[in-house]
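A.B. asks: So the sequences go chain by chain: A and B.
Counting from 330, one number per residue, gives the positions in the first sequence under the numbering used here.
Counting from 169, one number per residue, gives the positions in the second sequence under the numbering used here.
Backbone N, C-alpha and C fix where the C-beta goes; we use that ideal spot for every residue, glycine too.
One structure is given below, represented as structure tokens, and several questions about it will come after.
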Amino acid sequence: MAAAVLDLPGVTFRAAPDADHQLVIDALRGDPDAFAALVERYDRAVYHLAYRTMRDEEEAKDVTQEAFFKAYRSLKTFKPGAKFSTWIFAIAYHACCDRLNRRKRYSDEELPDRADPARGPAESVIAADEAHRLRQAIAELPEKYRTVVTLYHLQGKQYDEIATVLAIPVGTVKTHLFRAKEQLRRMLTVDNVET
Amino acid sequence: MYERDDDLDRLLFAMPLEEPPADLRASILRATIYRPAFALKPWELWLCGTAVALAVWLAVLIFRDGGAAFMHTLSVIGTIVAHVLLTQNTWLWLAAGIGAAFWLLILNPAPMPAPLFKRYARH
């Protein structure tokens with residue numbers, strides 16, 4: 330099995346599925362360090378996915394905790410052929426969906442943009458930064474595109490893995506990604522012209 | 169510069185991940201591997217629950233109607249138990265069950281538990 334690429338800035342590991350698999354087996358045998366190693370590998374990526382989906386720091390933190398807690402409790406159900414990253418992302422994504430549904434139920438408005446308040450003078454200076462503008466553009470995408478782009482960022486061009494996490498067909502993933510990129514390109518170009 | 173797909177991909181993959189709260193990892197570990205184990209096993213909890221329910225039921229029976237309901241229930245239960253124990257069929261089925269269990273043990277002995285086996289193997 331080839332090593333999975335999760336080689337992102339700020340993430341100092343390369344997640345090899347075989348290593349993950351061994352860690353899961355060790356954790357199931359009762360080795361607490363093995364599960365701690367899994368947490369160390371994926372907590373930042375899971376938090377990133379939760380934060381991008383929820384757009385709220387507190388909720389992203391809660392979702393990350395919930396995802397790892399559920400994973401820990403149902404580690405026995407983890408299928409040997411599956412990838413741990415896909416599994417934990419799927420758990421986190423479902424937790425996000427539950428919370429978003431709850432949020433919609435208690436509010437008549439569309440989902441609030443809580444993570445991106447209005448730009449102040451300091452933010453305007455930072456806005457020149459490429460990554461910051463991209464982050465803002467992603468935050469403005471509709472939820473389904475935002476999640477696909479985030480998972481594309483986390484999992485690379487593994488469309489089937491993204492499809493598994495979101496429980497949608499691979500074709501839909503590709504369509505969403507194409508449209509998301511189109512929107513991103515448009516937003517970033519407009520932003521470029523304005524600045 | 170964002171017209172080409174590769175450029176946008178490069179920008180996307182170069183984007184750093186969100187910085188999680190400092191205590192996130194510690195709180196996850198506290199909730200999972202360092203979570204204190206519950207003192208009782210599930211079957212022990214069930215046993216305690218049943219015992220408490222029985223005690224409450226008995227207390228209600230004793231204190232209601234000055235214990236008349238309790239005495240009545242006790243006599244009903246006593247009658248049923250006496251009837252069951254005095255029936256020949258009960259003893260026949262009990263004997264058949266014990267006999268079957270005995271012969272199953274003789275013909276198909278259960279494997280020795282691993283730690284016990286190791287202990288014996290050393291000697």
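Please report the distance separating the alpha-carbon of A:Phe397 from that of A:Glu459.
C.D. replies: Against the first sequence, residue 397 of chain A aligns to sequence position 68. Against the first sequence, residue 459 of chain A aligns to sequence position 130. C-alpha separation (whole angstroms): 32 Å.
A.B. asks: If distances are taken between C-alpha atoms only, which option among A:Glu369, A:Asp355, A:Glu386 and A:Arg432 comes closest to B:Ala194?
C.D. replies: Here the question's residue 194 of chain B lines up with position 26 in the second sequence. Out of A:Glu369, A:Asp355, A:Glu386 and A:Arg432, A:Glu369 has the C-alpha closest to the C-alpha of B:Ala194.
A.B. asks: Once DSSP output is grouped into helix, strand and coil, what is the label at A:Ser403?
C.D. replies: Against the first sequence, residue 403 of chain A aligns to sequence position 74. In this structure, A:Ser403 counts as coil in the three-state DSSP scheme.
A.B. asks: Would A:Tyr474 and A:Leu506 qualify as a contact pair, given that the criterion is a beta-carbon distance under 9 Å?
C.D. replies: The residue labelled residue 474 of chain A in the question sits at position 145 within the first sequence. The residue labelled residue 506 of chain A in the question sits at position 177 within the first sequence. It is a contact, given that the beta carbons lie within the stated cut-off.
A.B. asks: Decide yes or no for the touch test of the segment 176-194 of chain B against the segment 368-386 of chain A: beta carbon pairs closer than 8 Å, at least 3 of them.
C.D. replies: yes
A.B. asks: Kindly indicate which residue of A:Glu387, A:His350 and A:Asp489 has the alpha-carbon position closest to the one of A:Phe407.
C.D. replies: Locating residue 407 of chain A in the first sequence gives position 78, where the first residue counts as 1. Selected option, being the one with the closest Cα: A:His350.
A.B. asks: Run through chain A and tell me which residues come within less than 8 Å of B:Thr200, C-beta to C-beta.
C.D. replies: Looking up residue 200 of chain B in the second sequence gives position 32. Near B:Thr200 (Cβ distances below 8 Å), the residues of chain A are Phe364, Val368, Phe397, Phe398 and Tyr401.
A.B. asks: Grouping DSSP H, G and I as helix and E and B as strand, with all else coil, what is A:Tyr488?
C.D. replies: Looking up residue 488 of chain A in the first sequence gives position 159. In this structure, A:Tyr488 counts as helix in the three-state DSSP scheme.
A.B. asks: Run through chain A and tell me which residues come within less than 8 Å of B:Trp173, C-beta to C-beta.
C.D. replies: Mapped onto the second sequence, residue 173 of chain B falls at position 5. The sequence shown places Asp at residue 173 of chain B, rather than the Trp named in the question. Residues of chain A passing the Cβ test: Lys510.
A.B. asks: Name, going along the chain, the residues of the segment 203-222 of chain B whose beta-carbon falls closer than 7 Å to a beta-carbon of chain A.
C.D. replies: Cβ contacts with chain A come from no residue of the segment 203-222 of chain B.
A.B. asks: Quick one: measure Cβ to Cβ for A:Leu513 and A:Ala466, integer angstroms, because I've assumed they're closer than 8 Å.
C.D. replies: Residue 513 of chain A sits at position 184 when you count from the first residue of the first sequence. Residue 466 of chain A sits at position 137 when you count from the first residue of the first sequence. Between A:Ala466 and A:Leu513 the Cβ distance is about 5 Å, and since that is below 8 Å, they are a contact.
A.B. asks: For A:Pro361, collect the residues of the same chain with a Cβ closer than 7 Å to its Cβ; drop the 5 residues on either side in sequence, then sort them by chain order.
C.D. replies: Along the first sequence, read from residue 1 onward, the residue named residue 361 of chain A stands at position 32. For A:Pro361, where only same-chain residues beyond five positions count, there are no Cβ hits under 7 Å.
A.B. asks: Which word fits A:Glu388, buried or exposed, when buried means at least 16 other C-beta atoms lie within 10 angstroms of its C-beta?
C.D. replies: Residue 388 of chain A sits at position 59 when you count from the first residue of the first sequence. Answer is buried; the Cβ neighbour count reaches 16.
A.B. asks: Compute the beta-carbon to beta-carbon distance between B:Leu115 and A:Thr393, rounded to the nearest angstrom, for a pair I have assumed lies under 8 Å.
C.D. replies: Absent from the model: residue 115 of chain B. The displayed extent of chain B is 169 to 291, so no value can be given.
A.B. asks: Could you confirm whether any beta carbon from chain B is found closer than 9 Å to the beta carbon of A:Lys390?
C.D. replies: Counting from 1 along the first sequence, the entry for residue 390 of chain A is found at position 61. For A:Lys390, the answer is yes, since a Cβ of chain B falls inside 9 Å of its Cβ.
A.B. asks: Does the Cβ of B:Gln256 have 16 or more other Cβ atoms within 10 Å, making it buried, or fewer, making it exposed?
C.D. replies: Mapped onto the second sequence, residue 256 of chain B falls at position 88. Per the 10 Å Cβ criterion, exposed.
A.B. asks: With a threshold of 16 other CB atoms inside 10 Å of the CB of A:Glu395, please say whether the residue is buried or exposed.
C.D. replies: In the first sequence, residue 395 of chain A corresponds to position 66, counting from 1. With 16 or more other Cβ atoms within 10 Å, it is buried.
A.B. asks: State yes or no: is the C-beta of A:Arg402 within less than 9 Å of the C-beta of A:Ala468?
C.D. replies: The sequence position of residue 402 of chain A within the first sequence is 73, counting from 1. The sequence position of residue 468 of chain A within the first sequence is 139, counting from 1. The answer is no: Cβ separation not under 9 Å.
A.B. asks: State yes or no: is the beta carbon of A:Gly485 nearer than 9 Å to at least one beta carbon in chain B?
C.D. replies: Against the first sequence, residue 485 of chain A aligns to sequence position 156. True, the Cβ-Cβ gap to chain B drops below 9 Å.
A.B. asks: Could you tell me which chain A residues have their CB closer than 8 Å to the CB of B:Leu262, listed as they occur along the chain?
C.D. replies: To locate residue 262 of chain B, count along the second sequence from 1; it is residue 94. Residues of chain A with a Cβ closer than 8 Å to the Cβ of B:Leu262 do not exist; the shortest Cβ-Cβ separation is about 39 Å.
A.B. asks: With 7 Å as the C-beta to C-beta threshold (strictly closer), list the residues of the segment 187-198 of chain B near chain A in chain order.
C.D. replies: Pro188, Pro189, Leu192, Arg193, Ser195, Ile196 and Leu197
A.B. asks: Consult DSSP for A:Glu459 and reduce its assignment to one of helix, strand or coil.
C.D. replies: Position 130 of the first sequence, counted from the start, is the residue given in the question as residue 459 of chain A. A:Glu459 falls in the helix class under three-state DSSP.
A.B. asks: With H, G and I counted as helix, E and B as strand and the rest as coil, what does DSSP make of A:Gly500?
C.D. replies: Reading the first sequence from its first residue, position 171 is the one you call residue 500 of chain A. Residue state, collapsed to three classes: helix.
A.B. asks: Use the C-beta contact count for A:Arg431: other C-beta atoms within 10 angstroms, 16 or more gives buried, fewer gives exposed.
C.D. replies: Taking the first residue of the first sequence as 1, we reach residue 431 of chain A at position 102. So A:Arg431 ends up on the exposed side.
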